[in-house]
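These notes concern the structure reproduced below.
2 protein chains.
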Amino acid sequence: MDDYQEHSLGGRVFQKIREDILSGKYQEHDELREAALGKELGVSRTPVREALRQLELEGLVTIIPNRGAYVTGISQKDIWDIYSLRSLLEGMCARWAVEHITEEQLDEMEEIILLSEFQLKKGSGFSAEQITALDGRFHDVLYEASGSRILSHVLTDFHSYVQPARKSSVISEDRARKSIREHKQILRAIRDRDAEMAEQLANEHILHVMQNLKKQGYQTD
Amino acid sequence: MDDYQEHSLGGRVFQKIREDILSGKYQEHDELREAALGKELGVSRTPVREALRQLELEGLVTIIPNRGAYVTGISQKDIWDIYSLRSLLEGMCARWAVEHITEEQLDEMEEIILLSEFQLKKGSGFSAEQITALDGRFHDVLYEASGSRILSHVLTDFHSYVQPARKSSVISEDRARKSIREHKQILRAIRDRDAEMAEQLANEHILHVMQNLKKQGYQTD
DNA sequence: ACATGCATTAATGTATACAATCATACGAGA
DNA sequence: TCTCGTATGATTGTATACATTAATGCATGT
Numbered sequence: 000m001d002d003y004q005e006h007s008l009g010g011r012v013f014q015k016i017r018e019d020i021l022s023g024k025y026q027e028h029d030e031l032r033e034a035a036l037g038k039e040l041g042v043s044r045t046p047v048r049e050a051l052r053q054l055e056l057e058g059l060v061t062i063i064p065n066r067g068a069y070v071t072g073i074s075q076k077d078i079w080d081i082y083s084l085r086s087l088l089e090g091m092c093a094r095w096a097v098e099h100i101t102e103e104q105l106d107e108m109e110e111i112i113l114l115s116e117f118q119l120k121k122g123s124g125f126s127a128e129q130i131t132a133l134d135g136r137f138h139d140v141l142y143e144a145s146g147s148r149i150l151s152h153v154l155t156d157f158h159s160y161v162q163p164a165r166k167s168s169v170i171s172e173d174r175a176r177k178s179i180r181e182h183k184q185i186l187r188a189i190r191d192r193d194a195e196m197a198e199q200l201a202n203e204h205i206l207h208v209m210q211n212l213k214k215q216g217y218q219t220d
Numbered sequence: 000m001d002d003y004q005e006h007s008l009g010g011r012v013f014q015k016i017r018e019d020i021l022s023g024k025y026q027e028h029d030e031l032r033e034a035a036l037g038k039e040l041g042v043s044r045t046p047v048r049e050a051l052r053q054l055e056l057e058g059l060v061t062i063i064p065n066r067g068a069y070v071t072g073i074s075q076k077d078i079w080d081i082y083s084l085r086s087l088l089e090g091m092c093a094r095w096a097v098e099h100i101t102e103e104q105l106d107e108m109e110e111i112i113l114l115s116e117f118q119l120k121k122g123s124g125f126s127a128e129q130i131t132a133l134d135g136r137f138h139d140v141l142y143e144a145s146g147s148r149i150l151s152h153v154l155t156d157f158h159s160y161v162q163p164a165r166k167s168s169v170i171s172e173d174r175a176r177k178s179i180r181e182h183k184q185i186l187r188a189i190r191d192r193d194a195e196m197a198e199q200l201a202n203e204h205i206l207h208v209m210q211n212l213k214k215q216g217y218q219t220d
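Quick mapping for you: the protein sequence lines, in order, are chains A and B. For the record, in the first sequence the residue sitting at position 139 is 138 according to numbering that gives the first Met the number 0, with numbers rising by one throughout. For the record, in the second sequence the residue sitting at position 140 is 139 according to numbering that gives the first Met the number 0, with numbers rising by one throughout.
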């Protein structure tokens, strides 16, 4: 699937439009005309149509037959809902990972944490971009480690949805430090095969992220 | 979206192939050739391609660039995972519904329960088809009532995934009776605005379905 | 006999052409 | 003036044609 998204025009068009919707370039109720998009991206209507059909399935676009495609986008409430659900699901994920994680995955998560701490130790010159990327990788590995295609799929989708929101929100150094500490605790619980603890920690980890969002004046309802 | 799936060729092709995968007509690793599918369905490759791209996004098909589309399907473990996650999410759904449900939705769920009991009272001549359809409608309304696009979307997807599995598994009259009783309890809790109770009941409702599956020798790991 | 390279073939990837549908504007009639 | 019908333009829906890529088989050389 990654190969496909990488190499085919349709896949790239899909990613591009998706990003443009999530980043806010295209806004709610904007009409997405196939010909216009194709011209802008330098491709024909065919790949654009494929992309729009995929986006509709994802719920980011609404297609009215013989009329057109309209941006649905995701609201702040949607993002808040996603975090609420992630809190539950990441807990379940950590619980399942206790039974399914491999040594390689444990090592990879360990390494990601070390890299994160290294980034952080740079002091005020640390790259927020790098930190969020590492955070993303940590969660991705955890998703894989659950041993469940289904759960991994849902969580990966959710994660990509809120990615732009995270980028736009300033990540405080304080929050980054605490986040990494929480990652370490989660990893420790999984290593110790303590399912109960792993679930609770992963659960609370997301709740803490939500508290942080709230503090920054994020719409919660 | 329903209009789209209904009226356009691409939408119908998508639904058809999706059903054929979920029902087992196309099995794991089967190759889905665009031309062959188009010929079989009496359409050109274009709508078939759109459908395959959508199915890939859903995880039911894997596309290897310049090679072809292969059925991924869903395993018994996948279905089991879905029920596990549904247990969590339906709980959350019922909790949220307590705050967002409308009078109309309450009435509709009430009516669905009455119709279900009517079907059941027919005795041994009751239609399992009808019962499962009503069960589906009950849950759909509940999903809507959560007031969350995101949650509703995920649960609807999950529900459609396990639908074929439910059809193939014999629904015992005993289980149907208990299921309707549980629906009544859930509805009662929501009416009473008892979020805690609603969540717990919805949660357990799915767990009971899982126990029933297990009793029928369903693979759980 | 086996490996390698090229030609052939069949599939997908993309673009374009044609058909069907919908929105808009204009004009005729009440 | 208002309404309804029609014509026109624009957009989507579908089919087909062309380009590109990958697999297969055969021939050739070692």
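From the three backbone atoms N, C-alpha and C, an ideal C-beta is built for every residue, glycine too.
Practice task
Using a Cβ cut-off of 7 Å, pull out every chain B residue sitting near A/Arg48, in sequence order please.
Solution key: By one-based count along the first sequence, residue 48 of chain A stands at place 49. By Cβ distance, chain B contributes Glu49.
Practice task
May I have the straight-line CA-CA distance separating A/Lys214 from A/Leu206, to the nearest angstrom?
Solution key: Within the first sequence, the letter at position 215 stands for residue 214 of chain A. Within the first sequence, the letter at position 207 stands for residue 206 of chain A. Distance between the alpha carbons of A/Lys214 and A/Leu206 is about 12 Å.
Practice task
Say whether chain A places a C-beta atom closer than 8 Å to the C-beta of B/Val153.
Solution key: Numbered from 1 along the second sequence, position 154 holds the residue referred to as residue 153 of chain B. So, interface residue.
Problem - Beta-carbon contacts of A/Ser151 that lie in its chain and below 7 Å, excluding the five residues immediately before and after - result: Along the first sequence, one-based indexing puts residue 151 of chain A at 152. Correct list, in chain order: Tyr142, Glu143, Ser145.
Exercise for the section: Just the chain A side, please: which residues come within less than 7 Å of B/Arg165 by C-beta, in chain order? Expected result: For this step, residue 165 of chain B is matched to residue 166 along the second sequence. Residues of chain A passing the Cβ test: none, with the nearest at roughly 17 Å.
Exercise for the section: Run down chain B in chain order and give the residues with a C-beta less than 9 Å from the C-beta of A/Gly58. Expected result: Here residue 58 of chain A corresponds to residue number 59 of the first sequence, with the count starting at 1. Neighbours of A/Gly58 on chain B, chain order: Met0, Arg148, Ile149, His152.
Exercise for the section: Give the straight-line distance between the Cα atoms of A/Arg136 and A/His158, rounded to the nearest whole angstrom. Expected result: To locate residue 136 of chain A, count along the first sequence from 1; it is residue 137. To locate residue 158 of chain A, count along the first sequence from 1; it is residue 159. Going by the C-alpha atoms only, they are around 11 Å apart.
Practice task
Give the residues of chain A in contact with B/Ser7, contact being defined as C-beta atoms less than 9 Å apart.
Solution key: In the second sequence, residue 7 of chain B corresponds to position 8, counting from 1. Those within 9 Å of B/Ser7 in chain A are Ile62, Pro64, Asn65.
Exercise for the section: Might you give, ordered along the chain, the residues of its own chain that have their beta carbon closer than 8 Å to the beta carbon of B/Leu8, omitting 5 neighbours on each side? Expected result: As a working note, residue 8 of chain B is residue 9 in the second sequence. Same-chain partners within the cutoff: Val42, Pro46.
Exercise for the section: Ignoring anything shorter than 3 residues or poking outside the segment 65 to 119 of chain B, list the beta strand (DSSP E) runs there in chain order. Expected result: 67 to 70
Problem - A/Ala27 (DSSP reduced to helix, strand or coil) - result: Along the first sequence, one-based indexing puts residue 27 of chain A at 28. In the sequence as presented, Ala is not what sits at residue 27 of chain A; that position holds Glu. Of the three classes helix, strand and coil, the one that applies to A/Glu27 here is coil, per DSSP.
Practice task
Check whether the Cβ atoms of A/Val153 and B/Val153 lie closer than 8 Å to each other.
Solution key: In the first sequence, residue 153 of chain A corresponds to position 154, counting from 1. In the second sequence, residue 153 of chain B corresponds to position 154, counting from 1. Yes.
Handout entry: A/Asp77, buried or exposed, once every other Cβ within 10 Å from all chains shown has been counted against 16
Key = As a position in the first sequence, residue 77 of chain A is number 78, starting the count at 1. Classification of A/Asp77: buried, given that the 10 Å Cβ count is 16 or more.
Exercise for the section: Following the continuous beta strand (DSSP E) through B/Ile62, name the residue where it begins and the one where it ends. Expected result: For the purposes of this step, residue 62 of chain B is taken as residue 63 along the second sequence, with counting starting at 1. DSSP places B/Ile62 in the uninterrupted beta strand (DSSP E) bounded by 60 to 63.
Problem - chain A within 8 Å of B/Gln14, Cβ atoms only - result: Indexing the second sequence from 1 puts residue 14 of chain B at position 15. Not an interface residue.
Exercise for the section: Check the Cβ-Cβ distances between A/Arg100 and every residue of chain B, and say whether any is below 8 Å. Expected result: What you label residue 100 of chain A is simply residue 101 of the first sequence in a count that begins at 1. Contrary to the premise, residue 100 of chain A reads as Ile rather than Arg in this sequence. With 8 Å as the cut-off, A/Ile100 does not count as an interface residue toward chain B.
Exercise for the section: For the alpha helix (DSSP H) holding A/Ser231, just list the boundary residues, first then last. Expected result: Because chain A in this structure spans residues 0 to 220, residue 231 of chain A falls outside the shown range and cannot be described.
Exercise for the section: Mind listing the chain A neighbours of B/Asp77? Cutoff is C-beta to C-beta under 7 Å, in chain order. Expected result: Within the second sequence, numbered from 1, the residue matching residue 77 of chain B stands at position 78. Those within 7 Å of B/Asp77 in chain A are Arg148, Ile149.
Handout entry: Min CB distance A/Met91 to chain B below 8 Å
Key = Taking the first residue of the first sequence as 1, we reach residue 91 of chain A at position 92. A/Met91 counts as touching chain B.
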